[in-house]
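Residue numbers (my numbering): 55 to 417.
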C-alpha cells in the first residue's frame, strides 16, 4: 500500500482542531460566560446541544445531546444561541494563518483541517515546530486555543490531535504508528461510528490489535468497501492525500440511535447535529448545495430516502433545517421504529467567495 519512496520520505501531516470552538468563541466574546458551563444551542424541550464548553463537559454534557438531558446532568448549564456568521469569520482568520505555512489545506469543518507541511512555505523542517507555531498564532490572533496532531498520514494525525486536548499537541512517528493503533479501542477510531463499532465488537474486534489480526478478505466480507481502509489503518497505513480546494460529489452525516424513534420531535432532535455538521463542512469549504436528501433506516433494516432539489441553495443552517423538516414530516407516523437517520447534500458547487485572493487560494 505504501511504496518505498514514501517509506523513506514520510509525509508530514498536521491536523488542527479548535478546542470547543463554538462555546469558546462565546466565552471569549462574553466575559460573564468564562469559567461557567456553557452549551451552544437551544434550552427548549426539543433542543439539542451543538457544542459544550470544557466546564460543561465535566458534567458529561456533549454535542448532539438533547438539551433536557444536558440540563439534567448540569443544572447550572447556560445556553447560548449559535452565531454561525461569527464562527465562520473566526474560521477564515484561522485559515489565513494556515495559508502562511502551506497551500495544501483540507478543511473538514469550520473548526478543523488537515495541513500537509512536508514542503512548507516557511522552509521549516520539523512538523511539531510548525504545529506549535500555528497554535501560538491562532491564540494571538483570535484569543482561542487549538490542539494539533502530527503524523505521517491523515488517520494518525487526526487520532493524535485528541491526545492532549485542550491546548496541546501530540506526535505519532512512523516508528510508533502501528503500536499506537494496536492499543487504541476501535470505538475511538476516526471513521468508525457507533454502529460499525458495535458490529466489530460482535465479531470480537475490540482494539486495533484485534483488527490487525483479521485478514483483508474477512474485513471486505463484513465491511464491504470500508474493508481495505480498516485493514490499512490497523497497520498505521493511510495513503489518502490532503486535498485542497476539492468539491466532493456529496457530503453527509448519519447516526444510529440507541433506541428506536417513533415520533417526529425526537427524530428532528436527532437530525439537528447532523444538519449542523454537514452545514459546517459547506461553510468551511465555501460550498453550496441544491439537493437535500434524508435517509431513514427502520428497525428491520429496510430503508428509504427522500430528496428535494431547490432552485436557490440554502443560505444558512436555518434554511437547511426547514428543508429537512419538510422531508421528515410525511414519514410520520412511521410504519416501524426508526433506528438511523441521515442527511446528505449533493449538486454541490463552489460559492463565489468575498474573501481576499490570498485566502481564496488557501481554501
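For glycine and all other residues, C-beta sits at the position ideal for the given N, C-alpha and C.
Asked: Under a Cβ-count criterion, where at least 16 other Cβ atoms within 10 Å of its own Cβ denotes burial, should residue 175 be classed as buried or exposed?; Found: exposed
Asked: From which residue to which residue does the alpha helix (DSSP H) around residue 215 run?; Found: 208-215
Asked: In the structure shown, what three-state DSSP assignment does residue 370 receive?; Found: coil
Asked: What are the start and end residues of the alpha helix (DSSP H) that includes residue 254?; Found: 248-256
Asked: What is the C-beta distance between residue 67 and residue 211, in whole angstroms, given that I count them as a contact (C-beta under 8 Å)?; Found: 4 Å
Asked: Give me the Cβ distance between residue 121 and residue 95, rounded to the nearest whole Å; I'm assuming they're in contact under 8 Å.; Found: 6 Å
Asked: Please give me, in chain order, every unbroken run of the alpha helix (DSSP H) with length at least 4 that falls completely inside the segment 261-308.; Found: 262-267, 270-277 and 281-287
Asked: Using a Cβ-Cβ cutoff of less than 6 Å, which residues in the same chain neighbour residue 228 once the five nearest sequence positions on both sides are dropped?; Found: 64 and 206
Asked: Enumerated in chain order, which unbroken segments of the alpha helix (DSSP H) with a length of 4 residues or greater are wholly contained in the segment 81-130?; Found: 108-111 and 121-127
Asked: Rounded to the nearest angstrom, what separates residue 402 and residue 341 at their Cα positions?; Found: 6 Å
Asked: Can we say the segment 145-152 touches the segment 192-206, given the rule of at least three CB pairs closer than 8 Å?; Found: yes
Asked: Shortest alpha-carbon distance to residue 328 belongs to which of 72, 102 and 74?; Found: 102
Asked: Could you work out which residue in 383, 262, 355 and 177 is closest to residue 213 when comparing CA atoms only?; Found: 262
Asked: Is residue 92 buried or exposed, if buried means 16 or more other CB atoms sit within 10 Å of its CB?; Found: buried
Asked: Exposed or buried, which one is residue 391 when buried takes at least 16 other CB atoms within 10 Å?; Found: exposed
Asked: For residue 363 and residue 131, I'd like the C-alpha separation in whole angstroms.; Found: 39 Å
Asked: Given this structure, state the Cα-to-Cα distance separating residue 346 from residue 333, to the nearest angstrom.; Found: 11 Å
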